[in-house]
Amino acid sequence: MSAIEPPHVLDNPALASLTGPHAHFAERRGRVLRYPVDVSPWLALPDEPDAADWADLAALAGPGAEVPLPGFRGELPAGWELTLQIEGVQFVDDGLAAAPEPEAVRLGPADVPEILDLIARTQPGPFEARTIELGTYLGIRRDGALIALAGERLHPPGWTEISAVCTDPAFRGEGLATRLILAVAHGIRERGETPFLHTSAGNTNAIRLYESLGFRLRRRTAFLAARVPERLGEERESVPVA
Numbered sequence: 095m096s097a098i099e100p101p102h103v104l105d106n107p108a109l110a111s112l113t114g115p116h117a118h119f120a121e122r123r124g125r126v127l128r129y130p131v132d133v134s135p136w137l138a139l140p141d142e143p144d145a146a147d148w149a150d151l152a153a154l155a156g157p158g159a160e161v162p163l164p165g166f167r168g169e170l171p172a173g174w175e176l177t178l179q180i181e182g183v184q185f186v187d188d189g190l191a192a193a194p195e196p197e198a199v200r201l202g203p204a205d206v207p208e209i210l211d212l213i214a215r216t217q218p219g220p221f222e223a224r225t226i227e228l229g230t231y232l233g234i235r236r237d238g239a240l241i242a243l244a245g246e247r248l249h250p251p252g253w254t255e256i257s258a259v260c261t262d263p264a265f266r267g268e269g270l271a272t273r274l275i276l277a278v279a280h281g282i283r284e285r286g287e288t289p290f291l292h293t294s295a296g297n298t299n300a301i302r303l304y305e306s307l308g309f310r311l312r313r314r315t316a317f318l319a320a321r322v323p324e325r326l327g328e329e330r331e332s333v334p335v336a
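Residues are numbered in the working numbering as their position in the sequence shown, beginning at 1, plus a constant of 94.
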């Protein structure tokens, strides 16, 4: 009889991050952890949450709050409303030609207003006022203006997620995103860690790019969000999640 393999850290990367290299960010209630809301919307449930975990999540988030449930597959408790469900994919480094980028500059807190403006115009995903604290963020400037960006987000032991990859529409087609991805990956590898990333399953252009660079599909996942009941304990049928 073969032994059951333990879960991989990338199966629940937010939990692995918040109990590992990002533990100093963790806000905890019971077995539920989250980042401060001005750092990241990501939170972490145990692999198999029970009723007490859902109650702790509700108390941590507050009545009526919308919370992300990345990777969750199961049944929402009574009273919870599913508000978002997007199929996603997780890719890992499988031979990237990682290299420094001479034109890239390291971004810091003073650059956050420009970062938020670029994020708002390109919509690569959430970026908050303190997201810059999660890791290294690199940008490319032209005539002083920030036109492209990529950086680090989740940080499970031995791994670092590449995130916030975006380019000003006026400068697309120059390969800036590729150069920044490879530069961020180079920094991750220099620490002895392995890059990984997420995208939606329907983002075929991004998937083709990642595969061409040397990323390999590791698993399919889902990006979910749900609304905490306005009145905790209100009775309603549970909601299955595909």
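C-beta atoms are modelled at their ideal positions from N, C-alpha and C, and glycine is treated no differently.
Let me confirm a value: residue i is counted as buried when at least 16 other C-beta atoms fall within 10 Å, else exposed. Which label applies?
i: residue 292; result: buried
i: residue 254; result: buried
i: residue 331; result: Any reading at residue 331 must be qualified, since the residue scores a pLDDT of 42, below 50, and its modelled position is unreliable; no value is offered.
i: residue 329; result: Summary for residue 329: the model assigns pLDDT 39, below 50, so the residue's position carries little reliability; its value from the coordinates is reported in the next sentence. Under this definition residue 329 is an exposed residue.
i: residue 251; result: exposed
i: residue 225; result: buried
i: residue 116; result: buried
Helix, strand or coil for residue i, going by three-state DSSP, please let me know.
i: residue 183; result: strand
i: residue 321; result: strand
i: residue 302; result: helix
i: residue 224; result: coil
i: residue 281; result: helix
i: residue 273; result: helix
i: residue 178; result: strand
i: residue 333; result: Caution is warranted here: a pLDDT of 47 is assigned to residue 333, below 50, making its placement in the model unreliable, and no coordinate value can be reported.
i: residue 118; result: helix
i: residue 203; result: helix
i: residue 309; result: strand
i: residue 198; result: strand
i: residue 316; result: strand
i: residue 104; result: helix
i: residue 264; result: helix
i: residue 245; result: strand
i: residue 159; result: coil
i: residue 240; result: strand
Hey, quick one: how far does the beta strand (DSSP E) through residue i stretch, first residue to last?
i: residue 257; result: 253-261
i: residue 107; result: No beta strand (DSSP E) contains residue 107, which is instead part of the alpha helix (DSSP H) from 107-112.
i: residue 291; result: 288-294
i: residue 233; result: 231-236
i: residue 128; result: 126-128
So the candidates are the options; which of them puts its Cα closest to the Cα of residue i?
i: residue 114; options: 297, 248 and 217; result: 248
i: residue 191; options: 149, 218, 279 and 311; result: 279
i: residue 202; options: 163, 167 and 246; result: 246
i: residue 284; options: 193, 148 and 137; result: 193
i: residue 180; options: 294, 214 and 104; result: 294
i: residue 108; options: 164, 259 and 122; result: 164
i: residue 258; options: 290, 320, 251 and 286; result: 290
i: residue 167; options: 299, 197, 325 and 314; result: 314
i: residue 126; options: 148, 117 and 106; result: 148
i: residue 256; options: 189, 200, 185 and 239; result: 185
i: residue 214; options: 189, 240 and 227; result: 240
i: residue 187; options: 121, 103, 311 and 162; result: 311
i: residue 325; options: 153, 308 and 261; result: 153
I'd like the span of the alpha helix (DSSP H) that includes residue i, first residue to last.
i: residue 216; result: 206-216
i: residue 139; result: No alpha helix (DSSP H) contains residue 139, which DSSP labels as neither H nor E.
i: residue 152; result: 145-155
I want to check one thing, is the minimum distance from the CB of residue i to the heavy atoms of the ligand ATP below 6 Å?
i: residue 215; result: Looking at this structure, you won't find the ligand ATP or any other ligand, since it has none at all.
**Message:** Under 8 Å: do the region 229-241 and the region 199-212 share three or more Cβ pairs, one atom per stretch?
**Reply:** yes
**Asked** For the region 264-277 against the region 162-182, are there 3 or more C-beta pairs whose distance is under 8 Å?
**Response** no
**Meets three-Cβ-pair contact criterion under 8 Å: the region 272-282 and the region 146-159** = no
**Prompt:** Three or more beta-carbon pairs under 8 Å between the region 117-137 and the region 214-232, yes or no?
**Reply:** yes
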